[in-house]
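Shown next, in C-alpha cells, is the structure this report addresses.
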Amino acid sequence: MFAVRHYRRTFDKTSVQRLLPGSALGIGAGAFFFGYFSQHERVLEMGLGCLALLFVAFQFGRAAIVGAVRKQRPGTLAGVLMGAVSGFTSTIAHAGAPPVVIYLLPQQLPRHMFVGTTVIFFAMLNLLKLPPYWGLGLFHADIFKTTLLLAPLAYVGVKLGVFLLQRFSDLWFNRLVYGMLLATAVQLITGNNLLEAMFNGRFLKLSTAAAAGLSISAAPNHHDMPQRILGRTGESVSLLGLGGAHVADHGNMEEKAAIALMHAAIDEGINFFDNAWGYSNGASEIRMGKALRGGYRERVFLMTKDASRHPKRAIAHLEESLRRLQTDVIDLWQFHSIRQPDDPERIYEQGLLEAALKAKEEGKIRYIGFTGHTLPSLHVEMIERGFAWDATQMPINVFDPHYLSFVEHVLPVAVERNIGVIAMKTLGGRPEAILATGVATATECLRYAMSLPVATVCSGMDSLEKLRQNADIARQFAPLADDERLALLSRTQELGVQGTGESYKARRP
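For the sequence shown, the residue numbers in my numbering are 464 to 972.
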C-alpha cells in the first residue's frame with residue numbers, strides 16, 4: 464500500500480498490461496493445482512531457479528560476445544507468458560518475482576520505472592490472489608494480526624528503499640539486480656537460504672523486496688553516464704541533458720536525423736530531455752513525441768516549458784504539449800523565460816501557479832519549475848516569494864561570474880532550498896563565435912558547469928558527432944581544481960565583463 468502510493472504514477476503501463484492477464488491465468492492454475500504442488504514445492508522451485516539461472520547466463524554470455532547486455536522490449540506474448548509463470552509460482556510458492564524480472568530486465572527501464580512497475584504489478588497480483596486463497600482456507604486471524612504489526616516496518620522499508628534507489632549509482636544497481644536474481648536462482652535450486660532461515664519467512668525473497676522498493680532497479684545503459692539527483696524531486700537525471708531547440712529548425716536538422724539523434728542520446732545514457740512549447744513553432748515537441756514512441760518515453764525524464772503569462776493560455780499550451788509529445792504526463796513543466804519585472808507577481812498572484820498546481824493534481828505534470836536568462840534578481844525573487852519549486856533553469860558558464868551572475872547570486876539560494884538546478888547556455892549565447900575566440904574549449908566550458916552543484920547540464924546538440932563528444936566529456940568528467948577554475952575565469956573575464964559572451968542578458972544602462 465505504501466509503495467503503491469509512492470509509485471502510482473511511475474510505472475510502465477505497457478508492461479503491466481502485458482503481464483497482468485497472464486498472471487490471472489497463472490493464479491487460477493496455481494489454485495487448481497495447489498494441493499499437488501504444495502506437497503511437491505521443491506520441484507517447482509528447482510524449475511524456476513533453473514529458468515532464472517539460464518536467463519542470467521544467457522544475458523552475460525551474450526554480453527561477453529557482443530560487448531553489452533542487449534536492450535530490447537519483449538513482446539506481448541512474452542509478457543503474457545512470464546505473467547502466467549509469475550502468477551502460478553507466486554500462488555504456489557510465493558516466488559513470483561524471477562519471471563517478472565526476466566521480462567523487465569532486457570528493457571533497461573529507468574530504475575525508478577523498473578521499481579514502480581514491479582510494485583504496481585505485484586500489488587495487483589496479490590489482490591487477484593485473495594479470492595482463491597480465501598477459498599483454499601489460507602486466511603486466519605493470526606495473519607491479520609501479523610499484517611498490522613508489520614505495517615509500520617513496511618512503511619519504513621518503503622522510505623528506505625526510495626532513499627537507496629535515489630543514491631546508489633546505476634552501475635551498482637545493475638550489479639545488484641542481476642546479483643539478486645542469480646542469488647535467488649541458486650537459493651531456489653539448492654533450497655538453502657540463510658536469511659530465510661533466520662527470519663523464518665519468504666518475505667525476504669526477491670518478490671517482496673521488489674514490492675518494498677528496496678532492491679529492484681533498471682539495468683542502466685552500458686555507457687555509465689553519470690547521474691545526479693534533481694533537487695527535492697529525488698529523480699535521478701543524467702549529468703548531460705539533451706536540449707530541445709536543436710532537434711527542429713533551430714538546429715537545421717531533418718526530422719529523420721533528429722529522431723535518430725534522440726534515440727542515440729538515450730542509448731548514450733542521456734535521460735533528461737528538454738523542450739518548450741514555442742520551440743520552432745511546435746516542431747521540436749512534435750519531433751520529440753515521435754522519437755519517444757515505442758518504449759522510449761519510459762526511459763527519459765521529460766521537461767517542457769511555456770512562456771505564457773495568462774493561466775488559460777498556459778494550460779491550453781500544456782494540453783497541446785501533451786498531445787505533441789504523445790504522453791499522458793510531463794515530468795517537469797516550467798514557467799519559461801522569467802525576464803520582466805512583474806513576471807514573479809503575475810505567476811504568484813494572477814493564477815498561473817494555481818493553474819500549474821491544479822494540472823499537477825490532475826496528473827498532467829509531476830513537478831513544477833521556472834527558467835530565465837536575463838536577470839538573476841528575478842530568479843531570487845521567484846524563490847523567495849515562498850513556493851517550494853522543484854527545479855529552476857539558468858545560464859551557467861565561464862562568462863557568467865563576471866556579469867549579472869546566476870552562479871554567484873542564484874545557485875547558492877537554489878541549493879539551500881533543495882531546488883534542482885538545470886544548467887543551460889554552457890557555451891554562452893553564441894557557441895561557435897565564443898569557441899572561435901579561443902578563450903575556452905568546449906570541454907572546459909562543460910567541465911566548469913558540471914563542477915558546480917547542478918543536477919544536469921542541458922546542451923543543444925545538432926549532430927551525432929557533438930552528441931558523442933559531449934557524452935564522452937560527461938562520462939570522463941572530473942571536477943575542475945581551484946587553480947584550473949581561476950585560470951579559466953581569468954581568460955574569460957574580458958568577454959564576460961563586456962557582456963559579449965552572453966548576449967541574452969540584460970544590457971548595461
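In this text, a Cβ means the ideal position worked out from N, Cα and C, and glycines have one as well.
Please report whether the beta-carbon of residue i lies at a distance below 8 Å from any beta-carbon of chain B.
{"i": "D737", "result": "Absent from the structure: chain B. Only one protein chain is present."}
Is it right to say residue i is buried, meaning 16 or more other beta carbons lie within 10 angstroms of its own, or is it exposed?
{"i": "A681", "result": "Confidence at A681 is low in this model, with a pLDDT of 35, below 50, so its placement is unreliable and no value can be given for it."}
{"i": "L669", "result": "Model confidence at L669 stands at a pLDDT of 34, short of 50, so the residue's coordinates are unreliable; what they give is reported in the following sentence. Buried, since its Cβ has 16 or more Cβ neighbours within 10 Å."}
{"i": "M661", "result": "With a pLDDT of 35 at M661, under the threshold of 50, the modelled position of this residue cannot be trusted, and the question is left open."}
{"i": "L613", "result": "exposed"}
{"i": "Q571", "result": "buried"}
{"i": "M725", "result": "buried"}
{"i": "F764", "result": "buried"}
{"i": "Q690", "result": "buried"}
{"i": "L597", "result": "For clarity, residue 597 is Trp in the given sequence; the question names Leu instead. Exposed: under 16 other Cβ atoms inside 10 Å."}
{"i": "F862", "result": "buried"}
{"i": "V529", "result": "Note that V529 scores 45 on pLDDT, short of 50, meaning its location in the model is unreliable; the coordinates nonetheless yield the value given after this. It is exposed - the Cβ of V529 has fewer than 16 other Cβ atoms within 10 Å."}
{"i": "C921", "result": "buried"}
{"i": "N744", "result": "exposed"}
{"i": "S953", "result": "exposed"}
{"i": "P916", "result": "exposed"}
{"i": "L705", "result": "buried"}
{"i": "L623", "result": "exposed"}
{"i": "G959", "result": "buried"}
{"i": "L483", "result": "buried"}
{"i": "F585", "result": "buried"}
{"i": "G923", "result": "buried"}
{"i": "E731", "result": "buried"}
{"i": "T696", "result": "buried"}
{"i": "R574", "result": "buried"}
{"i": "L788", "result": "buried"}
At which residues does the alpha helix (DSSP H) containing residue i begin and terminate?
{"i": "P537", "result": "Looking at the DSSP string, P537 is not in any alpha helix (DSSP H), and its letter there is neither H nor E."}
{"i": "Y811", "result": "806 to 812"}
{"i": "I936", "result": "927 to 938"}
{"i": "S840", "result": "839 to 847"}
{"i": "T580", "result": "574 to 598"}
{"i": "G835", "result": "That residue, G835, is in no alpha helix (DSSP H); it is neither H nor E in DSSP."}
{"i": "Q961", "result": "945 to 961"}
{"i": "H469", "result": "465 to 470"}
{"i": "A941", "result": "Segment: none, A941 is in no alpha helix (DSSP H) and carries neither H nor E."}
{"i": "I565", "result": "560 to 567"}
{"i": "E817", "result": "815 to 824"}
Am I right that residue i and residue j are in contact with their C-beta atoms under 8 Å? What's the rounded C-beta distance?
{"i": "H842", "j": "Y967", "result": "At roughly 14 Å, the Cβ-Cβ gap does not stay under 8 Å, so H842 and Y967 are not in contact."}
{"i": "K827", "j": "L781", "result": "6 Å"}
{"i": "S701", "j": "F735", "result": "5 Å"}
{"i": "L890", "j": "I882", "result": "The Cβ separation is near 24 Å, so there is no contact."}
{"i": "G512", "j": "L651", "result": "3 Å"}
{"i": "T647", "j": "A819", "result": "Wrong, their Cβ atoms sit about 44 Å apart, outside the cutoff."}
{"i": "V582", "j": "V467", "result": "6 Å"}
{"i": "T539", "j": "R481", "result": "5 Å"}
{"i": "G559", "j": "L588", "result": "7 Å"}
{"i": "V876", "j": "V884", "result": "About 10 Å; that fails the 8 Å criterion."}
For residue i, which option in the options has the closest C-alpha, if you only look at C-alpha atoms?
{"i": "A918", "options": "A937, A777, M924", "result": "A937"}
{"i": "P894", "options": "E965, S914, L838", "result": "E965"}
{"i": "A720", "options": "Q650, M751, R786, N734", "result": "M751"}
{"i": "D737", "options": "T477, S784, G598, L951", "result": "S784"}
{"i": "T790", "options": "M766, L544, L915", "result": "M766"}
{"i": "L930", "options": "G959, A727, L755", "result": "A727"}
{"i": "M857", "options": "P689, W597, E871", "result": "E871"}
{"i": "T554", "options": "G538, E698, L488", "result": "L488"}
{"i": "A777", "options": "A560, F798, L927, D687", "result": "F798"}
{"i": "P615", "options": "Q650, A818, K476, F465", "result": "F465"}
{"i": "V640", "options": "I565, L588, Y618, V619", "result": "I565"}
{"i": "R762", "options": "G493, A494, T580, M509", "result": "T580"}
{"i": "P942", "options": "M643, C908, Q961, E808", "result": "C908"}
{"i": "V649", "options": "P537, G510, A739", "result": "G510"}
{"i": "A886", "options": "T855, V878, L867", "result": "T855"}
{"i": "Y470", "options": "R948, R829, R760, T963", "result": "R829"}
{"i": "A746", "options": "I722, E698, G757", "result": "I722"}
{"i": "V792", "options": "I801, R760, P804, H773", "result": "R760"}
Check for me: the beta strand (DSSP E) holding residue i runs from which residue to which?
{"i": "R481", "result": "No beta strand (DSSP E) holds R481; the alpha helix (DSSP H) holding it covers 476 to 495."}
{"i": "S922", "result": "919 to 922"}
{"i": "W796", "result": "793 to 798"}
{"i": "Q856", "result": "854 to 858"}
{"i": "R691", "result": "690 to 692"}
{"i": "L703", "result": "703 to 705"}
| In the stretch 707 to 786, which residue ranges form an unbroken alpha helix (DSSP H) of at least 4 residues, counting only runs that do not cross its ends? | The qualifying runs are 718 to 730, 746 to 754.
| task | Please list the segments of the beta strand (DSSP E) lying wholly inside the stretch 870 to 926, counting only runs of 3 or more residues, in order along the chain. | result | Taking only runs of at least 3 residues, the beta strand (DSSP E) segments lying wholly in the stretch 870 to 926 are 883 to 887, 919 to 922.
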